[in-house]
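> Sharing a structure below in structure tokens format, with a few things to ask.
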Amino acid sequence: MKIFSAPLILPLVLLTGYAAKSQTNLPPITLKEAFQNDFVIGAAINASVIWEKNAAEVALVKRQFNSISPENVLKWESVHPEPGIYDFQAADRYVQFGLANKMFIVGHNLIWHHQTPDWVFRDNSGNFVDRNTLLGRMRDHIFTVAGRYRGKINGWDVVNEAVDENGELRDSPWRKIIGDDYIAKAYEFAHEADPQAQLYYNDFDLESRRKQKGAIALIKQLQAQGVKITGVGLQEHDTLKQPSSRRVDQTISTFEKLGLKVMITELDVNVLPSPTKRLDAEVSRNFQSSPKWDPYTNGLPDPVQRQLARRYADLFSVFLKHRECISRVTFWGVTDGDSWLNTYPIRGRTDYPLLFDRAGKGKPAFEAVLKIAQSQKVAANTSREESSAAHY
Ligand code: XIL
0 MKIFSAPLIL PLVLLTGYAA KSQTNLPPIT LKEAFQNDFV IGAAINASVI
50 WEKNAAEVAL VKRQFNSISP ENVLKWESVH PEPGIYDFQA ADRYVQFGLA
100 NKMFIVGHNL IWHHQTPDWV FRDNSGNFVD RNTLLGRMRD HIFTVAGRYR
150 GKINGWDVVN EAVDENGELR DSPWRKIIGD DYIAKAYEFA HEADPQAQLY
200 YNDFDLESRR KQKGAIALIK QLQAQGVKIT GVGLQEHDTL KQPSSRRVDQ
250 TISTFEKLGL KVMITELDVN VLPSPTKRLD AEVSRNFQSS PKWDPYTNGL
300 PDPVQRQLAR RYADLFSVFL KHRECISRVT FWGVTDGDSW LNTYPIRGRT
350 DYPLLFDRAG KGKPAFEAVL KIAQSQKVAA NTSREESSAA HY
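Numbered according to numbering that gives the first Met the number 0, the sequence shown spans residues 0 to 391.
Following this line, the structure appears as structure tokens:
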């Protein structure tokens, strides 16, 4: 009888507490250490972290993460608020922070339909500009911003959220004015501005079938045209149940088959009841506040805390399964207090979507994620030991 077959060993190890005992002898491990052989671990940082307003939070970022994304400071409205006026104060600090701490620095983003001032699309009379004028503005923006950080920012979300829920290209002002090829042009300009930078397509809800199909068609077309595209960013603004980890698994495999790096770029898990069935991150939506939608103002009940930990463990076991193609997993924020989900899609709520609580302490979800990393290592070592034992 084969008692010590590989699938049996892991539960046995966990049951006997062997793994747990050996773990207590290890130094307290951090996220970036736990996944150092798998992928980099990032966090989106806000202005408070960038300007180092809160020393404890800055220390937490440096300790736990080896990649950063700019939550807002590199968006068009932040760096290029008026025609001909660029403001790089916060963006320069952001990049400096990453360089000083030897982090993988992400640029987010160059072309999007949100957080882009209306003047970009209009002439002095308020009418839409023509195709060439907008292409000129796009080129100037991309050259100025991506060019400034050439060799410093490692990868750019070049185009953000260009596909609609129905799988068609979103009818944004970019598309209305330039036409469908605004996307290819954005990648061409970005590649010219910084030939070494990785260039990504980033979107939410890519697990939904129609949207996924649309994104695949778009990427294949770009590839067929010879446009440089290095990777796809799955935002993963998830809830406790949606999308299923199985669907996330399939989605990663599907994009991997296109020969792309896959990145989880904006991970968070919303634990609050949703006023809509749609799972998306459409930032323009906002609903009326009501206590019904904000049930945990005095703290997260234990059962939900445990559910969140399980959800994160499930997601990370999927990410680890795809460690060959996943190059980065980035959380959209550092602590629960920072999260955009406290204001979206309803203002003034108390959400708990991240691994660190409002005081910066690791939650059960943090422990669960570390445990998954450890248990995969125990499993990998065990199967290595077994296969070498088989030689004798
Ligand atoms: C969000 C920021 O977190 C908020 O602070 C801001 O008010 C709106 O944008 N998809 C994206 C991110 O690509 O840029 C969005 O970030 C969240 C959804």
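Every residue gets a Cβ at the ideal spot worked out from N, C-alpha and C, and that includes glycine.
Mapping the DSSP letters down to three states, classify Y200 as helix, strand or coil.
Residue state, collapsed to three classes: strand.
> With DSSP collapsed to three states, give me the class of G83.
It is coil, neither helix nor strand.
> What does DSSP give as the partner residue(s) for G230 in the beta ladder?
In the DSSP output, where bridge partners are listed per residue, G230 has Y199, K260.
> To the nearest angstrom, report how far apart Y93 and R327 are at their CA atoms.
Y93 and R327: Cα-Cα distance of roughly 19 Å.
> Hey, would you say the C-beta of Q234 is under 7 Å away from at least one heavy atom of the ligand XIL?
Yes, the Cβ of Q234 comes within 7 Å of a heavy atom of the ligand XIL.
> Using a Cβ-Cβ cutoff of less than 7 Å, which residues in the same chain neighbour L134 once the five nearest sequence positions on both sides are dropped?
Excluding sequence neighbours, L134 sits near I177, K184.
> Please return the same chain residues whose Cβ sits closer than 6 Å to the Cβ of W111, not counting the five positions on each side in sequence.
Result list for W111: N159, in chain order.
> Below 8 Å CB to CB, which residues in the same chain sit around L73 once its five sequence neighbours on both sides are set aside?
A90, Y93, G106, H107, N108, V144, listed in sequence order.
> Taking 8 Å as the cut-off, decide whether the C-beta atoms of G232 and T264 are in contact.
Yes. Within cutoff.
> The ligand XIL and W331: does the residue's C-beta get closer than 7 Å to at least one heavy atom of that ligand?
It does: the Cβ of W331 is within 7 Å (strictly closer) of some heavy atom of the ligand XIL.
> I need the straight-line Cα distance from Q373 to K320, nearest angstrom please.
Between Q373 and K320, the C-alpha separation is close to 14 Å.
> I'd like to check one pair, T349 with T296: are the Cβ atoms closer than 8 Å?
Contact: yes.
> Quickly, what does DSSP pair S398 with across the bridge? List them, please.
A query on residue 398 cannot be resolved here, the shown segment of the chain reaching from 0 to 391 and no further.
> Going straight from the alpha carbon of A358 to that of Q35, what length do you get?
Their backbone Cα atoms lie some 26 Å apart in a straight line.
> Is S338 buried or exposed, if buried means 16 or more other CB atoms sit within 10 Å of its CB?
Label assigned to S338: buried.
> Assuming V261 and I325 form a contact by the criterion Cβ under 8 Å, report the distance between their Cβ atoms to the nearest whole angstrom.
At roughly 5 Å, the Cβ-Cβ gap stays under 8 Å, so V261 and I325 are in contact.
> Using a Cβ-Cβ cutoff of less than 6 Å, which residues in the same chain neighbour G97 once the five nearest sequence positions on both sides are dropped?
Once the five neighbours on either side are set aside, the close Cβ partners of G97 are I67, I104.
> Which stretch, first to last residue, makes up the alpha helix (DSSP H) that contains L109?
Run containing L109: none in the alpha helix (DSSP H); it sits in the beta strand (DSSP E), 103-110.
> Going by C-alpha distance, which of A42, N269, T253, H79 is nearest P344?
Minimum Cα distance to P344 is reached at N269.
> Leaving out five residues before and five after D313 in sequence, what residues of the same chain have Cβ atoms less than 6 Å from its Cβ?
The residues are S244.
> Taking all protein chains shown into account, do 16 or more other C-beta atoms lie within 10 angstroms of the C-beta of Q375, making it buried, or fewer, making it exposed?
Burial call: buried.
> Using the C-alpha atoms, what's the distance from E164 back to S207?
Spanning the two alpha carbons is a distance of roughly 8 Å.
> Helix, strand or coil for K323, going by three-state DSSP, please let me know.
According to the sequence provided, residue 323 is Glu. The question's Lys does not apply to it. Of the three classes helix, strand and coil, the one that applies to E323 here is coil, per DSSP.
> With a threshold of 16 other CB atoms inside 10 Å of the CB of G225, please say whether the residue is buried or exposed.
The residue is exposed, with fewer than 16 neighbouring Cβ atoms inside 10 Å.
> Using a Cβ-Cβ cutoff of less than 6 Å, which residues in the same chain neighbour A308 once the five nearest sequence positions on both sides are dropped?
So the list reads P363, A364, A367, once near-sequence residues are dropped.
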